Amino acid sequence: MEYVPDQNARYSEVDYWDERYKTEQCYDWLGCFSKFKHLLEKHVKQEDSILTLGCGNSALSGDMYSAGYQSITNIDYSSVCISAMAAKYSDCPGLSWHHMDMRQLSFPDASFDVVLEKATLDAIMVEEKTPWEVSPKTACFMHKTLTEVSRCLKHGGRFISVSFANPFFRKRYYASTQYNWSIRTYTYGEGFLYHVYVMTKGEELSPEDAALEKKLLEDPESPTRLTTVPFADDADFLSNIGV
Ligand SMILES: C[S@@+](CC[C@H](N)C(=O)[O-])C[C@H]1O[C@@H](n2cnc3c(N)ncnc32)[C@H](O)[C@@H]1O
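Right, here's the structure in full:
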């Protein structure tokens with residue numbers, strides 16, 4: 004309970020994470036690697052170049068490295084997190100750590116076989132009062148991130164998103180021809196189910212997902228219609244966190 008904020012909205016603030024990572028050593032949101040290893044192994048090869056978004060102080064990259072994955076680049080917008088993780092894993096040459104915002108990745112196009120995120124996109128949704136009606140700001144945030152993910156993926160590369168959110172609420176963001184990927188979904192967990200989305204770059208959306216995209220584009224209230232709206236405060240946000 005020590006790290007639970009007074010308001011959920013704090014989960015979307017870099018100050019909250021910086022403060023938390025000053026003392027918290029390790030925490031894995033949505034369970035540790037062993038819980039969904041069987042699903043990752045289907046889609047990630049040990050020699051793949053992997054980018055992890057919002058790595059936090061999770062053991063995931065370290066555990067994957069121990070399991071034989073050789074090249075994992077990790078980013079987080081908390082500088083406290085990145086310094087601590089770089090020190091903790093200084094003897095693992097295949098792991099690298101970068102202070103970076105996931106909406107503005109400083110990697111060239113097509114630089115990774117796999118982009119992985121666990122609970123990081125969930126963290127940006129916390130300010131929303133209801134998953135039915137997401138604010139233009141959050142929709143824009145999501146779109147910027149997904150555009151960057153798609154840009155950095157190689158053809159045939161996979162974006163793997165591990166989430167609390169079920170397909171009804173999450174697929175509406177991922178099902179877009181703009182990102183040029185297909186979507187597969189899986190679940191893991193006992194009792195409470197978590198969701199794993201695997202987007203493969205260069206594959207077409209299934210007819211069902213293409214129909215979902217069409218429906219959302221025709222809906223004047225849909226957040227996907229707002230994805231290209233620029234927000235002045237995004238620029239302020241990026242400069243505030245110094246990346
Ligand atoms: C809920 S935690 C998940 C941590 C880790 N992925 C895990 O599975 O335990 C969300 C993480 O995303 C990071 N984060 C949030 N927004 C970010 C952004 N725009 N760019 C990069 N990292 C971000 C936070 O600093 C935090 O470490």
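The sequence shown begins at 4 in the working numbering and counts up one residue at a time.
Note that beta-carbon positions come from the ideal geometry of N, C-alpha and C, so glycine has one too.
Quick caveat: nothing in here was measured; it's all calculated off a predicted structure.
(request) From the DSSP output, in three-state form, read off residue 199 for me. (result) strand
(message) So, at 8 Å on beta carbons, what are the nonlocal neighbours of residue 241 in its own chain, with the 5 sequence-adjacent residues on each side left out?
(response) Bear in mind that the predicted position of residue 241 carries a pLDDT of just 35, short of 50, making it unreliable; the figure below should be weighed with that in mind. Here the set comprises 104, 106 and 107.
(message) Buried or exposed, going by whether 16 or more other CB atoms sit within 10 Å of the CB of residue 3?
(response) Because the chain in this structure spans residues 4 to 246, residue 3 falls outside the shown range and cannot be described.
(request) Measure the alpha-carbon distance for residue 243 versus residue 126 and round it to whole angstroms. (result) Per-residue confidence for residue 243 stands at a pLDDT of 34, beneath the threshold of 50, marking its modelled position as unreliable; no derived number is given.
(message) So within the segment 91–117, which uninterrupted alpha helix (DSSP H) runs reach at least 4 residues, ignoring any that extend past its ends?
(response) none
(request) Please name the residue or residues paired with residue 188 in a DSSP beta bridge. (result) 200
(request) Could you name the residues that DSSP lists as bridge partners for residue 166? (result) 198
(message) On the DSSP letters alone, give me the boundaries of the beta strand (DSSP E) that residue 55 sits inside.
(response) Segment 52–56, the beta strand (DSSP E) holding residue 55.
(message) Given the structure, does residue 79 come close to ligand 1, in the sense that its CB is under 6 Å from one of the ligand's heavy atoms?
(response) For ligand 1, a non-hydrogen atom lies closer than 6 Å to the CB of residue 79.
(request) Verify whether the separation of the beta carbon atoms of residue 161 and residue 41 is less than 7 Å. (result) no
(message) Let me check understanding here. Comparing Cα to Cα, which of 81, 17 and 64 lies closest to residue 73?
(response) 64
(message) Taking the straight line between their C-alpha atoms, what separation do you get for residue 141 and residue 179?
(response) Each residue's alpha carbon lies about 16 Å from the other.
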